[in-house]
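*Asks:* The following block contains the structure, expressed as structure tokens.
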Amino acid sequence: MPSSALFSAAIEQAINRLLSLDSDSKVRQSRLNGMRLYLFIDPLPNAICLVFSTQVDVLTEYDDHDDVVAKLDDKSCCIQTRLSTLPSLKDTNQLTRLIQQGELTVDGALSVAQQVSGLFQHLDIDIEEIIATNTNDVFAHSLVSAAKTVSEKVRKGSQVASRVLGNALVEEKQLAAHRLAVMHFSDNVNALRDDVARLESRLNKLESFRTKS
Amino acid sequence: MSDPQSTHSNDTSTTHFGFKQVEKNQKASLVAEVFDSVAAKYDVMNDLMSMGVHRLWKRYTIDCAGVRPGNQVLDIAGGTGDLTAKFSRLVGPTGKVTLADINLSMLKVGRDKLRDRGLVGNIDYVQADAEALPFPDNTFDVVTMAFGLRNVTEKQNALDSIYRVLKPGGRLLVLEFSKPTSEQLSKLYDMYSFHILPKMGQLVANDAESYQYLAESIRMHPDQDTLKGMFEQAGFDQCDYQNLTGGIVALHRGYKF
Chain A
386 MPSSALFSAA IEQAINRLLS LDSDSKVRQS RLNGMRLYLF IDPLPNAICL
436 VFSTQVDVLT EYDDHDDVVA KLDDKSCCIQ TRLSTLPSLK DTNQLTRLIQ
486 QGELTVDGAL SVAQQVSGLF QHLDIDIEEI IATNTNDVFA HSLVSAAKTV
536 SEKVRKGSQV ASRVLGNALV EEKQLAAHRL AVMHFSDNVN ALRDDVARLE
586 SRLNKLESFR TKS
Chain B
2 MSDPQSTHSN DTSTTHFGFK QVEKNQKASL VAEVFDSVAA KYDVMNDLMS
52 MGVHRLWKRY TIDCAGVRPG NQVLDIAGGT GDLTAKFSRL VGPTGKVTLA
102 DINLSMLKVG RDKLRDRGLV GNIDYVQADA EALPFPDNTF DVVTMAFGLR
152 NVTEKQNALD SIYRVLKPGG RLLVLEFSKP TSEQLSKLYD MYSFHILPKM
202 GQLVANDAES YQYLAESIRM HPDQDTLKGM FEQAGFDQCD YQNLTGGIVA
252 LHRGYKF
């Protein structure tokens with residue numbers, strides 16, 4: 386018990402803290418008032434239920450999926466998915482594909498899931514502002530600017546390093562094949578596959594003639 | 002099995018107050034004195050004594066309560082409103098939560114705390130004795146009682162009374178201190194309860210006696226199976242209990258069908 390209660394308490398604390406960092410989220414959250422979203426995430430042992438009111442309450446759900454679906458009303462929705470699929474849910478264009486592939490099951494009011502998704506996707510958190518409330522504007526601005534510069538430098542550095550490493554492997558040490566050589570090899574493999582398929586077809590025809598005669 | 006007096010004491014004139022025997026009609030006022038004394042520091046002391054774990058026990062109780070929007074919920078001995086706060090959001094504007102406590106000091110602390118949090122509109126505050134609940138029959142969908150039953154003089158009367166006010170299909174959840182399931186834990190727990198707890202009470206709340214009573218009242222409370230039997234005697238169906246933190250606390254559940 387304490388682990389599941391601790392888990393739901395931690396999620397509840399994190400969600401409410403996150404939402405409190407964006408004052409505009411209050412409006413979006415108020416549209417969800419009275420709604421419930423049940424989440425069955427494999428391999429988590431218990432489902433969780435997000436209950437929306439003036440805050441988000443997170444409950445551990447001990448009923449199984451079928452029992453939860455049976456008690457859904459027009460203000461609740463149940464999602465069943467895998468932990469590894471969660472990142473894909475950010476892209477709403479992927480939802481139909483995921484449902485068709487059986488990676489995602491949605492029961493009840495789909496609008497609830499869409500609004501919850503919108504609540505988190507449209508979060509606009511001004512980190513500089515948050516740091517400034519605990520320190521001062523100059524420090525916050527310097528810190529965030531420095532972080533952005535470092536992150537940009539790391540990104541560019543990794544691009545350059547990847548290019549240099551690629552050149553060294555292909556051109557200087559010749560440990561890996563050149564991209565054009567790989568493409569040429571792939572074309573040859575495709576051509577060979579087509580030839581084999583044609584030969585197989587002719588052999589089959591000859592075989593059928595032989596058995597008829 | 003523990004304390005036959007606390008379970009079937011209608012035929013005797015005394016009952017326990019901690020380890021002491023007192024007249025039955027005195028117990029309520031003695032318990033009231035304890036809670037009058039600790040009301041102001043109740044939340045701080047709970048966090049300190051349980052190292053915050055009481056929040057997880059209560060959270061588990063709320064999870065098991067299965068409260069739905071529109072439900073009528075009674076939180077008996079609700080004290081400073083920990084369960085009521087959450088229930089108030091879960092039942093929504095169409096439901097209602099009644100916070101009942103026999104002790105006015107605790108009720109006032111709870112009411113002020115919940116109002117400060119902006120929880121108004123669907124909460125009623127009622128000073129009530131669990132043994133004679135002032136509500137019509139079949140009123141509530143869910144009744145909870147967290148850390149209150151052991152302070153009730155006639156526990157069976159309280160369970161009977163709760164059964165009466167529950168709607169058919171409703172459920173009762175009683176979260177209460179119980180008997181640790183392991184011998185080692187029991188010894189450790191005894192040492193903590195009788196040596197450390199009263200000192201903490203003295204240090205933080207300037208009241209060692211109340212916390213000595215707390216430790217004693219826990220030992221006098223019926224164990225898991227006895228309490229389950231009392232649920233069944235009151236008429237509850239599908240009664241079960243779950244030990245939490247090695248049986249230091251148990252959550253008992255029963256349904257009225």
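Listed in order, the protein sequences are those of chains A and B.
Just so we're aligned, residue 386 is where the first sequence starts under my numbering, counting upward by one.
Just so we're aligned, residue 2 is where the second sequence starts under my numbering, counting upward by one.
Here a beta-carbon is modelled for each residue, glycine too, at the ideal position from N, C-alpha and C.
Answer yes or no: does any C-beta atom of chain B fall closer than 7 Å to that of ASP419 (chain A)?
*Replies:* The count along the first sequence starts at 1 and reaches residue 419 (chain A) at position 34. In the sequence under discussion, the amino acid at residue 419 (chain A) is Gly, which differs from the Asp named in the question. Taking Cβ atoms only, chain B reaches closer than 7 Å to GLY419 (chain A), which makes this a yes.
*Asks:* Can we say the region 454 to 464 of chain A touches the region 415 to 426 of chain A, given the rule of at least three CB pairs closer than 8 Å?
*Replies:* Because the criterion of three Cβ pairs below 8 Å is met, the region 454 to 464 of chain A and the region 415 to 426 of chain A touch.
*Asks:* Where DSSP assigns a beta bridge to ASP102 (chain B), which residues make up the other side?
*Replies:* Translated into the one-based positions of the second sequence, residue 102 (chain B) becomes position 101. B:GLN128, per the DSSP bridge assignment.
*Asks:* Quick one: what's got a C-beta closer than 6 Å to SER187 (chain B)'s C-beta in the same chain, skipping five residues either side?
*Replies:* Mapped onto the second sequence, residue 187 (chain B) falls at position 186. Excluding positions up to five away in sequence, the list reads PRO181.
*Asks:* Suppose the cutoff is 6 Å on Cβ atoms and the five residues either side in sequence are ignored; what does the same chain contact list for GLU397 (chain A) look like?
*Replies:* Taking the first residue of the first sequence as position 1, residue 397 (chain A) is located at position 12. Closer than 6 Å at the Cβ level, and outside the excluded window around GLU397 (chain A), lie VAL443.
*Asks:* Pick helix, strand or coil for ILE512 (chain A), following the three-state DSSP scheme.
*Replies:* Locating residue 512 (chain A) in the first sequence gives position 127, counting from the first residue. Three-state result, ILE512 (chain A): helix.
*Asks:* Only counting the same chain, and skipping five residues up and downstream in sequence, which positions put a Cβ closer than 7 Å to that of LEU49 (chain B)?
*Replies:* Residue mapping note: residue 49 (chain B) aligns to position 48 of the second sequence, counting from 1. Correct list, in chain order: MET201, VAL205.
*Asks:* If we ignore side chains and look at the alpha-carbon of each, how far apart do LYS475 (chain A) and GLY503 (chain A) end up?
*Replies:* Working through the first sequence from its first residue, we reach residue 475 (chain A) at position 90. Working through the first sequence from its first residue, we reach residue 503 (chain A) at position 118. The alpha-carbon atoms of LYS475 (chain A) and GLY503 (chain A) are separated by roughly 9 Å.
*Asks:* Going by CA-CA distance only, name the one from A:ILE515, A:ILE433, A:SER388 that's closest to ASP448 (chain A).
*Replies:* To locate residue 448 (chain A), count along the first sequence from 1; it is residue 63. Nearest C-alpha to ASP448 (chain A): A:ILE433.
*Asks:* Based on the DSSP secondary-structure assignment, which residues constitute the bridge partners of ASN244 (chain B)?
*Replies:* If you number the second sequence from 1, residue 244 (chain B) lands on position 243. B:ALA251, per the DSSP bridge assignment.
*Asks:* What residues from chain B crowd round SER393 (chain A), counting only those whose CB sits closer than 9 Å?
*Replies:* Position 8 of the first sequence, counted from the start, is the residue given in the question as residue 393 (chain A). Correct list: ARG60, ASP64.
*Asks:* Find out if the Cβ-Cβ distance for the pair VAL98 (chain B), ILE63 (chain B) is shorter than 7 Å.
*Replies:* Stepping through the second sequence from its first residue, residue 98 (chain B) is reached at position 97. Stepping through the second sequence from its first residue, residue 63 (chain B) is reached at position 62. Not a contact, by the Cβ cut-off of 7 Å.
*Asks:* Tell me the residue span of the alpha helix (DSSP H) that contains LYS541 (chain A).
*Replies:* Counted from its first residue, the first sequence places residue 541 (chain A) at position 156. Where LYS541 (chain A) is concerned, the enclosing alpha helix (DSSP H) stretches over 522 to 552.
*Asks:* Shorter than 7 Å from the beta carbon of ALA498 (chain A) to some beta carbon of chain B?
*Replies:* For this step, residue 498 (chain A) is matched to residue 113 along the first sequence. No, its Cβ sits nowhere closer than 7 Å to a Cβ of chain B.
*Asks:* On the DSSP letters alone, give me the boundaries of the beta strand (DSSP E) that TYR423 (chain A) sits inside.
*Replies:* As a first step, residue 423 (chain A) must be located in the first sequence, where it is residue number 38. Element bounds for TYR423 (chain A): 421 to 427.
*Asks:* Per the contact definition of three or more C-beta pairs closer than 8 Å, is the region 42 to 60 of chain B in contact with the region 239 to 257 of chain B?
*Replies:* Touching, per the Cβ criterion.
*Asks:* Let me confirm a value: SER388 (chain A) is counted as buried when at least 16 other C-beta atoms fall within 10 Å, else exposed. Which label applies?
*Replies:* Translated into the one-based positions of the first sequence, residue 388 (chain A) becomes position 3. Flag for SER388 (chain A) reads exposed.
*Asks:* Run through chain A and tell me which residues come within less than 8 Å of LYS87 (chain B), C-beta to C-beta.
*Replies:* Residue numbering aside, residue 87 (chain B) sits at position 86 when the second sequence is read from its first letter. Ordered by position in chain A, the residues that pass the 8 Å Cβ test against LYS87 (chain B) are ASP442.
*Asks:* Give the interface partners of ARG254 (chain B) over in chain A, defined as CB-CB distance under 8 Å, in chain order.
*Replies:* In the second sequence, counting from the first residue as 1, residue 254 (chain B) sits at position 253. By Cβ distance, chain A contributes nothing, its closest Cβ being about 12 Å from ARG254 (chain B), past 8 Å.
*Asks:* In terms of residue numbering, what span does the alpha helix (DSSP H) encompassing ALA498 (chain A) cover?
*Replies:* Residue 498 (chain A) sits at position 113 when you count from the first residue of the first sequence. Element bounds for ALA498 (chain A): 495 to 506.
*Asks:* Does any residue of chain B have a CB that is nearer than 7 Å to the CB of THR520 (chain A)?
*Replies:* For the purposes of this step, residue 520 (chain A) is taken as the residue at position 135 of the first sequence. False, the Cβ-Cβ gap to chain B never drops below 7 Å.
*Asks:* With a threshold of 7 Å between beta-carbons, can VAL501 (chain A) be considered close to chain B, or not?
*Replies:* Taking the first sequence and counting its residues from 1, the one referred to as residue 501 (chain A) is at position 116. Not closer than 7 Å to any Cβ of chain B, the Cβ of VAL501 (chain A) fails to qualify, so no.
*Asks:* Got a sec? Which residues, its chain only, sit under 6 Å from SER194 (chain B) by beta carbon, not counting five neighbours each side?
*Replies:* Locating residue 194 (chain B) in the second sequence gives position 193, counting from the first residue. Cβ within range, chain order: ALA216.
*Asks:* Taking only beta carbons into account, state which residues of the region 90 to 114 of chain B come closer than 9 Å to chain A, listed in chain order.
*Replies:* Against chain A - using a Cβ distance shorter than 9 Å - the residues of the region 90 to 114 of chain B are ARG90, LEU91, GLY93, PRO94, THR95.
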